[in-house]
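Numbering (full-length UniProt numbering), first residue to last: 1 to 149.
Below, the structure written as structure tokens:
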């Protein structure tokens with residue numbers, strides 16, 4: 001079934017010269033419907049509405065590719081939202097432990113979305129969100145870690 005999902009099993013010629021369907025195509029089509037059906041049955045209605053075409057029946061490979069594209073687009077959007085949150089989060093009235101936990105949670109979410117932050121980026125973003133009262137320690141840490149701002 002992997003061959004149908006990942007496109008390594010190609011579709012054989014569908015019709016003979018007399019217009020009848022080839023046996024090879026009938027077998028391929030039957031096998032291709034199984035992984036495609038399994039995929040569709042596991043999709044949420046939101047995802048299914050984006051990747052399943054009511055007009056054209058997709059092969060298992062086309063369906064899998066559509067799902068990958070949908071997820072990639074959503075991950076990119078999620079990464080952009082997380083980056084913005086990372087850049088705009090401020091300590092403000094939060095206790096230091098709450099602020100640091102929030103920044104770590106954002107970094108963990110970025111890793112899960114496929115865009116892990118480097119240690120230096122996490123430190124830079126965390127230091128940038130500190131209030132003016134933390135400026136002396138921020139400068140020392142910036143010099144110690146040789147961070148670009």
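All C-beta atoms in this analysis are idealised placements derived from N, C-alpha and C, irrespective of residue type, glycine included.
Item                                                                                              : Value
Any 3 or more C-beta pairs closer than 8 angstroms across the region 65-82 and the region 108-116 : yes
Helix, strand or coil at residue 21 according to DSSP, with G and I counted as helix              : strand
Bridge-paired residues (DSSP) for residue 15                                                      : 21
Residue 71 versus residue 8: straight-line alpha-carbon distance, rounded                         : 22 angstroms
Simplified DSSP state of residue 131, which is helix, strand or coil                              : coil
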